[in-house]
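Asker: For what it's worth, the numbering used here labels the leading residue of the sequence shown as 1, then goes sequentially.
Every residue, glycine too, gets a C-beta built ideally from N, C-alpha and C.
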Amino acid sequence: MDTIRAIKGTQDILPVDVALWQQMEVVAQRILTLAGYREIRTPIFERTELFVRSIGTATDVVSKEMYSFTTQGNDDITLRPEATAGVVRAFIQNNLYASGDVQKLWYCGPMFRYERPQKGRQRQFHQLGLEALGSSDPRADVETIAIAIDILKTLGLGNLSVTINSVGRGDDRDRYRQALIDYLTPYRAELDKDSRDRLSRNPLRVLDSKDERTREIVAEAPKLVEYLSDTSKAHFDRVLSLLDNLDIAYAIDHKLVRGLDYYTHTAFEIQSNHLGAQNAVCGGGRYDGLVSELGGPETPAVGWAMGLERIAILLQQQQFVCPTQTDVYVISRGQVAEDVALAIAQQLRQAGLVTALDLSGGKFNKQFKRADRSGATWALVLGDEEVARHVVQAKQLQTGKQYEVTRTDLVAVLRGDLVPAG
Ligand code: ATP
Ligand code: MG
Numbered sequence: 001m002d003t004i005r006a007i008k009g010t011q012d013i014l015p016v017d018v019a020l021w022q023q024m025e026v027v028a029q030r031i032l033t034l035a036g037y038r039e040i041r042t043p044i045f046e047r048t049e050l051f052v053r054s055i056g057t058a059t060d061v062v063s064k065e066m067y068s069f070t071t072q073g074n075d076d077i078t079l080r081p082e083a084t085a086g087v088v089r090a091f092i093q094n095n096l097y098a099s100g101d102v103q104k105l106w107y108c109g110p111m112f113r114y115e116r117p118q119k120g121r122q123r124q125f126h127q128l129g130l131e132a133l134g135s136s137d138p139r140a141d142v143e144t145i146a147i148a149i150d151i152l153k154t155l156g157l158g159n160l161s162v163t164i165n166s167v168g169r170g171d172d173r174d175r176y177r178q179a180l181i182d183y184l185t186p187y188r189a190e191l192d193k194d195s196r197d198r199l200s201r202n203p204l205r206v207l208d209s210k211d212e213r214t215r216e217i218v219a220e221a222p223k224l225v226e227y228l229s230d231t232s233k234a235h236f237d238r239v240l241s242l243l244d245n246l247d248i249a250y251a252i253d254h255k256l257v258r259g260l261d262y263y264t265h266t267a268f269e270i271q272s273n274h275l276g277a278q279n280a281v282c283g284g285g286r287y288d289g290l291v292s293e294l295g296g297p298e299t300p301a302v303g304w305a306m307g308l309e310r311i312a313i314l315l316q317q318q319q320f321v322c323p324t325q326t327d328v329y330v331i332s333r334g335q336v337a338e339d340v341a342l343a344i345a346q347q348l349r350q351a352g353l354v355t356a357l358d359l360s361g362g363k364f365n366k367q368f369k370r371a372d373r374s375g376a377t378w379a380l381v382l383g384d385e386e387v388a389r390h391v392v393q394a395k396q397l398q399t400g401k402q403y404e405v406t407r408t409d410l411v412a413v414l415r416g417d418l419v420p421a422g
């Protein structure tokens, strides 16, 4: 019989890698908390309509990447391909705007997109992201970018680059869209197939085609920045000067438009030079129209999401070392000793020591080998004779030194608060 394998494009995160994932979460959580962000957890599925209305039907995500299905109760449901739509829905539904304060929210969890799996691109992947709802101040854009960089740098990632653009407001984009269509149409036959499709449906996406000839054509295309209104231009200029103030290096990329429809003004990406084709670790921008579009009050907002699989790949390349350590490995043999060993292990755990209990009941020397392999600082050895005398043999695995310690002194010795005799 065939064994059942995980679904294509999904991945098990095994215990050897979990420490690395926890590290990402711990670092991010600390930095986000310092910046006044609070976590929000929304469902991993939502009404399909939520994504269609927020992300837009002409985007790749909605037109071909969604995991959508009809439930037994006839509801059209989609596994979330991103979290902003759900967070905004929750913001509206729970009146989070009522206080009038800027809502600073972050989230972390799995997302689902039906894409072609490859390195750094999966069908179930994880994003950590934030949303700042309620401010149109360019400082909000820059503060969020700075927080993203803080997280990535604190994790030890170097070689990052920030690219930024302004996609303006809807009216700026409408004017630009027409100019772009007018420019591209004469070249229609020379564009790659995807770009030909996009030309009428979503011409801005032609700008980020990977096809060589399309890129040559696009290089000479009119630039969105030339179509920005004075207010949009002022917003963008202010964002750039605030980035300069914070010494955040960036490159303006006139072709950066990002995949989702809801962006306004600032669009940005953070790339790593160590990732190959899937090099974006973080993407985000402003989305001033989304909250009202989904039926909430007019609320300017800005946010980003980072791809944790891609960051994990980078950390692995840097030989991330697992910070967790076993303090004590408990070895026992003999009916009475084995029972006492279990009780001691529990006592040590309650005292805050990371304790592994050997459950094999096998020969002492085999148990010792496992103790060595565990990387523990101490091995505790218990036979029936030790139990009778209320003592334990404590062996320091690095030095090989062994001490006989009473049960009363045990925790203090293992913690290093008491120097054992002998
Ligand atoms: P890409 O250009 O790589 O397809 P995107 O523009 O579709 O990215 P966003 O929707 O902005 O990505 O998501 C933010 C981040 O989430 C990306 O920068 C990336 O790190 C990560 N990401 C997106 N899609 C995937 C995926 N299928 N597998 C793994 N990570 C992903
Ligand atoms: Mg994508």
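Among 41, 188 and 222, which residue has its Cα nearest to the Cα of residue 86?
Answerer: Here residue 86 corresponds to residue number 86 of the sequence shown, with the count starting at 1. Selected option, being the one with the closest Cα: 41.
Asker: If you draw a straight line from the C-alpha of residue 168 to the C-alpha of residue 374, how long is it?
Answerer: Translated into positions along the sequence shown, residue 168 becomes position 168. Translated into positions along the sequence shown, residue 374 becomes position 374. Taking the straight line joining both Cα atoms gives about 57 Å.
Asker: Where does residue 231 land, buried or exposed, given buried means 16+ other C-beta within 10 angstroms?
Answerer: The sequence position of residue 231 within the sequence shown is 231, counting from 1. The residue in question, residue 231, is exposed, as its Cβ has fewer than 16 Cβ neighbours within 10 Å.
Asker: Which residue comes first and which comes last in the alpha helix (DSSP H) that contains residue 243?
Answerer: In the sequence shown, counting from the first residue as 1, residue 243 sits at position 243. Unbroken alpha helix (DSSP H) run through residue 243: 230–245.
Asker: Within 10 Å of its beta-carbon, does residue 418 have 16 or more other beta-carbons around it, so buried, or fewer, so exposed?
Answerer: The residue given as residue 418 occupies position 418 in the sequence shown. Exposed, because fewer than 16 other Cβ atoms sit within 10 Å of the Cβ of residue 418.
Asker: Mind reading off the beta-carbon distance from residue 406 to residue 391? Whole number of angstroms is fine, and I expect it under 8 Å.
Answerer: For this step, residue 406 is matched to residue 406 along the sequence shown. For this step, residue 391 is matched to residue 391 along the sequence shown. Yes, they are in contact, since the Cβ atoms of residue 406 and residue 391 sit about 6 Å apart, within 8 Å.
Asker: Hey, would you say residue 260 sits closer than 7 Å to residue 88, going by beta carbons?
Answerer: Position 260 of the sequence shown, counting from 1, holds the residue named residue 260. Position 88 of the sequence shown, counting from 1, holds the residue named residue 88. Not in contact: residue 260 and residue 88 (Cβ atoms no closer than 7 Å).
Asker: When you compare only the Cα positions, how much space is there between residue 249 and residue 304?
Answerer: Locating residue 249 in the sequence shown gives position 249, where the first residue counts as 1. Locating residue 304 in the sequence shown gives position 304, where the first residue counts as 1. Roughly 18 Å separates the two Cα atoms.
Asker: Confirm the yes/no value for this check: CB of residue 435, any heavy atom of ligand 1, distance under 6 Å.
Answerer: Not covered by the structure: residue 435. The range shown for the chain is 1 to 422.
Asker: When you compare the segment 30–44 with the segment 104–119, are there three or more beta-carbon pairs, one atom per stretch, that lie closer than 8 Å?
Answerer: Yes, the segment 30–44 touches the segment 104–119.
Asker: Looking only at C-alpha atoms, which of 325, 152 and 192 sits nearest to residue 218?
Answerer: By one-based count along the sequence shown, residue 218 stands at place 218. The shortest Cα separation from residue 218 among 325, 152 and 192 belongs to 192.
Asker: Applying the 10 Å Cβ sphere with the 16-neighbour rule, what's the burial state of residue 39?
Answerer: Locating residue 39 in the sequence shown gives position 39, counting from the first residue. By the neighbour-count rule (16 or more Cβ atoms within 10 Å), residue 39 is not buried but exposed.
Asker: Of the residues 330, 334, 371 and 335, which one's Cα is nearest the Cα of residue 345?
Answerer: In the sequence shown, counting from the first residue as 1, residue 345 sits at position 345. It is 330 whose Cα lies nearest to the Cα of residue 345.
Asker: Could you tell me how far apart the beta carbons of residue 101 and residue 134 are, in whole angstroms, since I believe they sit closer than 8 Å?
Answerer: Indexing the sequence shown from 1 puts residue 101 at position 101. Indexing the sequence shown from 1 puts residue 134 at position 134. At roughly 7 Å, the Cβ-Cβ gap stays under 8 Å, so residue 101 and residue 134 are in contact.
Asker: Helix or strand or just coil, what does DSSP make of residue 250?
Answerer: Position 250 of the sequence shown, counting from 1, holds the residue named residue 250. The answer is coil: DSSP assigns residue 250 none of H, G, I, E or B.
Asker: Just tell me which of 51, 103, 242 and 2 has its CA closest to the CA of residue 79.
Answerer: In the sequence shown, the residue the question calls residue 79 occupies position 79. Checked all of 51, 103, 242 and 2; the closest Cα to residue 79 is 51.
Asker: Would the C-beta of residue 51 count as close to ligand 1, meaning under 6 Å from any of its heavy atoms?
Answerer: Counted from its first residue, the sequence shown places residue 51 at position 51. No, since every heavy atom of ligand 1 falls outside the 6 Å radius drawn around the Cβ of residue 51.
Asker: Using the C-alpha atoms, what's the distance from residue 99 back to residue 221?
Answerer: Numbered from 1 along the sequence shown, position 221 holds the residue referred to as residue 221. Numbered from 1 along the sequence shown, position 99 holds the residue referred to as residue 99. Distance between the alpha carbons of residue 221 and residue 99: 45 Å.
Asker: Which of helix, strand or coil does DSSP assign to residue 270?
Answerer: The residue given as residue 270 occupies position 270 in the sequence shown. Residue state, collapsed to three classes: strand.
Asker: Taking the straight line between their C-alpha atoms, what separation do you get for residue 148 and residue 228?
Answerer: As a working note, residue 148 is residue 148 in the sequence shown. As a working note, residue 228 is residue 228 in the sequence shown. When rounded, the distance between both Cα atoms is 27 Å.
Asker: For residue 403, which residues from the same chain have a beta carbon less than 6 Å from its beta carbon, with the 5 sequence-adjacent residues on both sides left out?
Answerer: Numbered from its first residue, the sequence shown carries residue 403 at position 403. Excluding positions up to five away in sequence, the list reads 394, 420 and 422.
Asker: Could you have a look at residue 110 and say whether DSSP puts it in helix, strand or coil?
Answerer: Here residue 110 refers to the residue found at position 110 when the sequence shown is read from its first residue. Note: residue 110 maps to strand in three-state DSSP.
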